Structure formats: C-alpha cells, structure tokens
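Data first, discussion second: the structure below is written as structure tokens.
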Amino acid sequence: QEFGGQEILRAFIVEGGLSVSLIRGFDRPETWGLLLMDLARHASRIYATDDGISEAEAFERILRMFEAERLRPTDLGATSMIN
7 QEFGGQEILR
17 AFIVEGGLSV
27 SLIRGFDRPE
37 TWGLLLMDLA
47 RHASRIYATD
57 DGISEAEAFE
67 RILRMFEAER
77 LRPTDLGATS
87 MIN
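Reading the sequence shown from the start, the letters are residues 7 to 89 in my numbering.
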C-alpha cells in the first residue's frame, strides 16, 4: 500500500499457463477496461524497447489477440472468491 495505494492484481506464469489473483478493486466494472488498456499500452512499450518493433505494432498485435480471445476463449479458467 505504498502512497496509500492498494494492490488489486497479480499475474503469474505457472506451468506454462496464466494464474491471476485479484480483488474487485473498483466500484464499476468499466474501470477494469481502463486498467486492461493501460496494461496493453505498458506492455507495448516494453516490446518496443526490448524487441525493436514499434510500440504501435506491439499494441496492435496485443489488441488483435485480445479480440480473438474474447471471441473464442482458449481457456475460461475457474474463478473463486475468498472473503
């Protein structure tokens, strides 16, 4: 909780798959859309720095996969809530 913040999301690669831990965090679900878009932009900058592709290309590739996964999920996973 640095500077009064609260961690709401952790993501791990476990045995080749994604494991996510999160709390609701926001009053409105739309705010998660903002968070996901911000994450995509940050990831694009990392790829642009590390791989030599443009930030725009990296961002477009992320968005294409996001849409493909939305339309045809590869793994819906399981969600459980702990109070």
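Using N, Cα and C, we set each Cβ at its ideal position, and we do this for glycine too. The model shown is predicted, which means the values in this text are computed figures rather than measured ones.
What does DSSP give as the partner residues of residue i in its beta bridges?
i	result
residue 23	20
residue 15	28
Considering only their Cβ atoms, is the gap separating residue j from residue i smaller than 7 Å?
i	j	result
residue 64	residue 54	yes
residue 52	residue 31	no
residue 61	residue 50	yes
residue 84	residue 68	no
Hey, could you find the ends of the alpha helix (DSSP H) residue i is sitting in?
i	result
residue 43	36–57
residue 64	61–77
Return the chain-ordered list of same chain residues with a C-beta closer than 6 Å to the C-beta of residue i, the five sequence neighbours on each side being excluded.
i	result
residue 25	18
residue 33	none
With a CB to CB cut of under 8 Å and the five nearest residues on each side skipped, what residues in its chain are close to residue i?
i	result
residue 6	For the chain, the structure presents residues 7 to 89; residue 6 sits outside this window and is missing.
residue 57	64
Short of 7 Å in beta carbon distance, which residues of its chain neighbour residue i, apart from the five on each side in sequence? Order them along the chain.
i	result
residue 48	none
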